Amino acid sequence: MTVIELDGITGFRDVGGIPAAGGVIRTGQLFRSGHLAGLGEEAADAVRARIRRIIDLRADDEVAEDVTALEGIAITRLPLYLGSTRSFFLEDYSLGEIYAHLLGRSSVQLVAAVRIIAAGEPTLVHCTAGKDRTGVTIALALAAAGADREAIVSDYALTAQLIPDEHRRATSERLAAKYPQSRHAWMLATESPAEVMRASLASVDAEWGSAADYLLAHGFSIEELAALRAALVAPASAAPSEGDPS
C-alpha cells in the first residue's frame, strides 16, 4: 500500500501492492481516504489524475456539512449507516458491534460498492474519517479478491496512525463531553485496532464461509466475483520483480 500525502485529505492511499492469491493487488486501482471537502485545487487535480470513480459512504447530513465537489469524476453515494450515528454513541457500541451492524444491515450498499470496484475503473472509497465504513468496504473487496488476510488487517490498522494528533485529541475531548457514559466513544472516532478487523473478517468466515461467499449470498454473481478478482489482482508473472525499474 502507498500513502499519498495531499493537503485537505486524511488517510489517502493506494491499497495496491499487497499480496493476493496468484499475485498482488494492482496499484492504481483501488484507493481509500477520509472525506474530500477540504481539498484545494492542486490536491483536487492530483486526485483527478488517479481516480475515475468515487464511492461516498456518508449519510445525508454528513454530505451536507462537508460537500465533495470534484468535476470530471463520477460519484456514487451509498450511505452505509442506516439511521443516526448518534445511536452508536448513546448505546455505547463497540467497533466490532458496529462492523457486524454494517455487514448485517447494509449488505445491499456493500454489494453495490464492491460491484463498482469490480467494474475495473480506478476507484476511491471514502466516508468521513475513512476508517470504519471505508474499512469494512475495502476489507470485504480485498478479501473477496483473495488478498492476504494480515495485509488487509494491516491496511485497516494504518488508518488511525494517519489521523492527525490534534484531530484525535479534539475529537476525543468533544465526544467525552457529549457522551460521558460511552466507554467506546474515543475508539469509535479515532482508533482502528488490528484485532477488531481480524475478528470481523473471522466472523464473516464463520457465518458465510468467506468474504466471497458473503457477496454471493447477497446478490453478487460468480461472473462479478471473477471480474472483481481480474480488476484487483495482477498475476504474479505480471508483477514487477525485485530490482525491476518498472
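Residue numbers for the sequence shown follow the working numbering, beginning at 1002 and rising by one. Ideal placement from N, C-alpha and C gives every residue a C-beta, glycine not left out. Just so you know, these numbers come straight off a predicted model, no measurement behind them.
Provide the residue(s) that pair with residue i in DSSP beta bridges, ordered along the chain.
i	result
L1125	F1032 and I1055
R1014	V1004 and R1033
R1078	D1057
V1234	I1026
A1021	G1024 and A1148
In angstroms, rounded to a whole number, what distance separates the CA positions of residue i and residue j?
i	j	result
V1197	V1112	21 Å
D1046	Q1182	43 Å
A1207	R1230	22 Å
S1242	A1050	The pLDDT assigned to S1242 is 42, lower than 50, so where the model puts this residue is not dependable, and the model offers no usable value.
I1118	Y1180	36 Å
C1128	P1236	30 Å
S1238	E1063	43 Å
A1022	D1067	38 Å
A1130	L1071	18 Å
A1227	L1216	12 Å
A1152	E1192	18 Å
D1245	A1044	Annotation note: pLDDT 47 at D1245 (below 50); position unreliable, no value reported.
R1170	L1176	10 Å
S1034	V1016	11 Å
L1079	G1041	24 Å
L1143	R1184	31 Å
T1077	L1007	22 Å
A1101	S1201	7 Å
So residue i is in the alpha helix (DSSP H); what residue range does that whole segment cover?
i	result
I1164	Here I1164 belongs to no alpha helix (DSSP H), and DSSP marks it neither H nor E.
Y1180	Per DSSP, Y1180 belongs to no alpha helix (DSSP H) and is neither H nor E.
A1119	S1108 to A1119
S1211	Neither: S1211 is in no alpha helix (DSSP H) and is coded neither H nor E.
Could you tell me how far apart the beta carbons of residue i and residue j are, in whole angstroms, since I believe they sit closer than 8 Å?
i	j	result
S1108	H1219	4 Å
T1003	R1054	19 Å between Cβ atoms; not a contact.
G1073	A1232	The pair is not a contact, with the Cβ atoms about 21 Å apart (cut-off 8 Å).
I1056	A1114	5 Å
S1173	A1190	7 Å
V1234	R1027	7 Å
For chain B, find out if any of its Cβ atoms is closer than 8 Å to the Cβ of residue i; answer yes or no.
i	result
A1065	Included in the structure is just one protein chain, with no chain B present.
### Message
So, does the segment 1143 to 1161 touch the segment 1088 to 1100, judging by three or more C-beta pairs under 8 Å?
### Response
Touching, no.
### Task
Tell me, please, whether the segment 1013 to 1029 touches the segment 1132 to 1149 by the rule of three or more beta-carbon pairs shorter than 8 Å.
yes
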